[in-house]
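Engineer:
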Amino acid sequence: MRFHHLGIEVSDLQAAKAFYEKIFGFKENGGLRFGGEDIFFLEKDGFKIELIGNVPVSESGVSMHLCFEVDHLNSVIKEFRSRNIIPIEGPYIVGNWRTVFYPGLERELIEFLEVI
């Protein structure tokens, strides 16, 4: 298992993209539209941020998720199922990824993806 990206839901995708590019020197590394959401990937020195655009920010703050890349997603799903941990979302195929989301201890989202 390897760290893949940190995902952040933002209310203004273009403003968030400009912020990370101008302030921190991130560069755009692709984008897509999935499930009605516009998504940009930014990267700097191997660290990736996924900006999930035009999502209303709640009073409790911005929603984030942590993503790990795995070689065999089915093995992760099987292991979690054996521990009675059920996915919150997925598995989905998004471009060249298979991905699934699980709840963390404090209801944070933990994503696992396999490049296919």
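Sequential numbering from 108 applies to the sequence shown in this note's numbering.
No residue lacks a Cβ here, since even glycine has one placed at the ideal position from N, Cα and C.
Just so it is clear, the structure is predicted and the values come from calculations on it, not from any experiment.
(1) So, helix, strand or coil for Arg214, using DSSP?
(2) Give a yes or no on whether the C-beta atoms belonging to Arg109 and Phe154 are separated by under 8 Å.
(3) Tell me which same chain residues have a C-beta within less than 7 Å of the C-beta of His111, skipping the five on either side of it?
(4) Can you name the start and end residues of the beta strand (DSSP E) that Asn136 belongs to?
(5) Of all the options Phe141, Asp178, Leu216, Lys124, which has the alpha carbon lying nearest to the alpha carbon of Ile200?
(6) Shortest alpha-carbon distance to Arg214 belongs to which of Asp119, Gln121, Gly143, Ser170?
(7) State the Cα-Cα distance for the pair Val162 and Asp145, rounded to the nearest angstrom.
(8) Leaving out five residues on either side along the sequence, give the residues of the same chain with a beta carbon under 8 Å from the beta carbon of Ile223.
(9) How far does the beta strand (DSSP E) with Ile130 in it extend, from its first residue to its last?
(10) Please give the ranges of any beta strand (DSSP E) in the segment 178-214, keeping only runs that are unbroken, at least 3 residues long and fully inside the region.
(11) Please confirm whether Asn136 and Phe148 have their CB atoms less than 8 Å apart.
(12) For Glu218, count the other beta carbons within 10 Å of its own beta carbon; 16 or more makes it buried, fewer makes it exposed. Which is it?
Structural biologist: Inspection of the coordinates gives the following:
(1) coil
(2) no
(3) Lys155, Cys174, Phe175, Glu176, Leu220
(4) 134-141
(5) Phe141
(6) Ser170
(7) 9 Å
(8) Ile200, Asn203, Trp204, Arg205
(9) No beta strand (DSSP E) holds Ile130; the alpha helix (DSSP H) holding it covers 120-131.
(10) 196-201, 204-210
(11) yes
(12) buried
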